[in-house]
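Presented below is the structure to which this report refers.
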Amino acid sequence: MPVSPGYAHLNENEPMNSLRISVGGLPMLASMTNTTDSRFRIKWKAIVVIASALTLVLLIYMQLLPFHPQTRSKFGLRLNHQEVRTEGHYNDTYPLSPPERTAQGTHYRIGVIADLDTNSLSDMKLTWFSYMLKGHLLVSESGDTVAVEWDQDRVVLESHLAEKGRGMELSELVVFNGKLYSVDDRTGVVYNIDGLKAVPWVILPDGDGSVSKGYHCLKCGCAYRD
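In terms of this note's numbering, the sequence shown opens at residue 1284 and continues consecutively.
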């Protein structure tokens, strides 16, 4: 019986579990007893080594990335890490200017600020101002005498924020987190005194914080309400 061109005769010496197939005139042997080709064995050791190396590189890369945690206040508000440092990194420098010790005693850098009340309205349109005066406080070595020497030039702090035509009624200077602040008792605006500028920082509203009226803050930590 003639054999189809797609098949070849089975050799008597070949085992019965082997099948010889001819494809396109070329014989191919598909063994049914040994289906694993050594050329395609999975190299587990190499895979483990490569995966470990990639994991190590990823961990090192994550350690080198800058980490900027976003802090939250106790009220749940998100705080900028550049403005408010996390607990444990608070800048408790006080006084801001280090005291100078001399033969006469110790010199402290001091400052006062003015609450001009209704006189804080400037001649310039929509501008309110306050005066700040800096000086030195001298305490003798024995501590029984003090003297104050004021700078010749006074600082004029201006703002365009007001409530019902009044603003910049600053009543106190306070140091917080390494910066100098003052509060307007009309608008409730807390100003950061930065050199010759009064930069608005936060607003303290009256009541439970949901009203539009500014908080009448005369002292930081001991406030007065109308």
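Note that CB positions come from ideal geometry on N, CA and C, so glycine has one too.
* To do: Pull up the CB-CB distance for Leu1379 and Val1458, whole angstroms please, since I reckon it's below 8 Å.
  => Correct: roughly 6 Å between the Cβ atoms.
* To do: List the endpoints of the continuous alpha helix (DSSP H) containing Met1345.
  => 1327-1347
* Return helix, strand or coil for Ser1442, following the three-state DSSP convention. => When secondary structure is reduced to three states using DSSP, Ser1442 falls in the strand class.
* Mind checking Ile1396: buried by the 16 CB within 10 Å criterion, or exposed? -> buried
* C-beta atoms of Thr1410 and Glu1446 nearer than 8 Å -> No, these two residues do not count as a Cβ contact at 8 Å.
* Asked: What do you get for Leu1339, buried or exposed, if any count of 16 or more other CB atoms within 10 angstroms of its CB means buried?
  -> exposed
* To do: Using the Cα positions of Ser1493 and Gly1450, report the straight-line distance between them to the nearest angstrom.
  => 21 Å
* When the distance is taken between beta carbons, is Gly1478 closer than 8 Å to Leu1487? -> no
* Classify Ser1403 as helix, strand or coil using the three-state DSSP reduction. => Here Ser1403 sits in helix by DSSP.
* Would you list the residues sitting across from Leu1421 in a DSSP beta bridge? => His1390, Ala1430
* To do: Please state whether DSSP places Phe1358 in a helix, a strand or coil.
  => Any reading at Phe1358 is ruled out, since the residue's pLDDT is 47, under 50, leaving its predicted position unreliable.
* Asked: Near Val1422, what residues of its chain come up, given a Cβ to Cβ distance below 6 Å and the 5 sequence neighbours on each side ignored?
  -> Gly1388, Thr1389, Val1429
* Can you check DSSP and say which residues form a bridge with Glu1383? => His1390
* Taking C-beta to C-beta, are Val1438 and Met1415 nearer than 8 Å? -> yes
* Compute the beta-carbon to beta-carbon distance between Asn1475 and Asn1374, rounded to the nearest angstrom, for a pair I have assumed lies under 8 Å. => The pair is not a contact, with the Cβ atoms about 13 Å apart (cut-off 8 Å).
* Short check: CB of Leu1463 to CB of Leu1453, under 8 Å? -> Not a contact, by the Cβ cut-off of 8 Å.
* Using the rule of at least 16 other Cβ atoms within 10 Å of the residue's Cβ for burial, across every protein chain shown, is His1499 buried or exposed? -> buried
* Could you give the distance in angstroms between the alpha-carbon of Val1472 and the alpha-carbon of Leu1444? -> 8 Å
* Is Ser1495 buried or exposed, if buried means 16 or more other CB atoms sit within 10 Å of its CB? -> Answer is exposed; the Cβ neighbour count stays below 16.
* Asked: Once you ignore the five residues that flank Val1466 on each side, which residues in its own chain have a CB closer than 6 Å to its CB?
  -> So the list reads Val1473, Cys1500, once near-sequence residues are dropped.
* Return the CA-CA distance between Pro1483 and Ser1335, expressed in angstroms with no decimal places. => 53 Å
* To do: Have a look at Asp1398, Phe1412, Arg1384 and flag the residue whose alpha-carbon is nearest the alpha-carbon of Ala1481.
  => Considering only alpha carbons, the answer is Phe1412.
* Asked: What residue range is occupied by the uninterrupted beta strand (DSSP E) comprising Glu1455?
  -> 1453-1459
* To do: Measure the C-alpha to C-alpha separation of Asp1434 and Lys1417 and round it to an integer number of angstroms.
  => 6 Å
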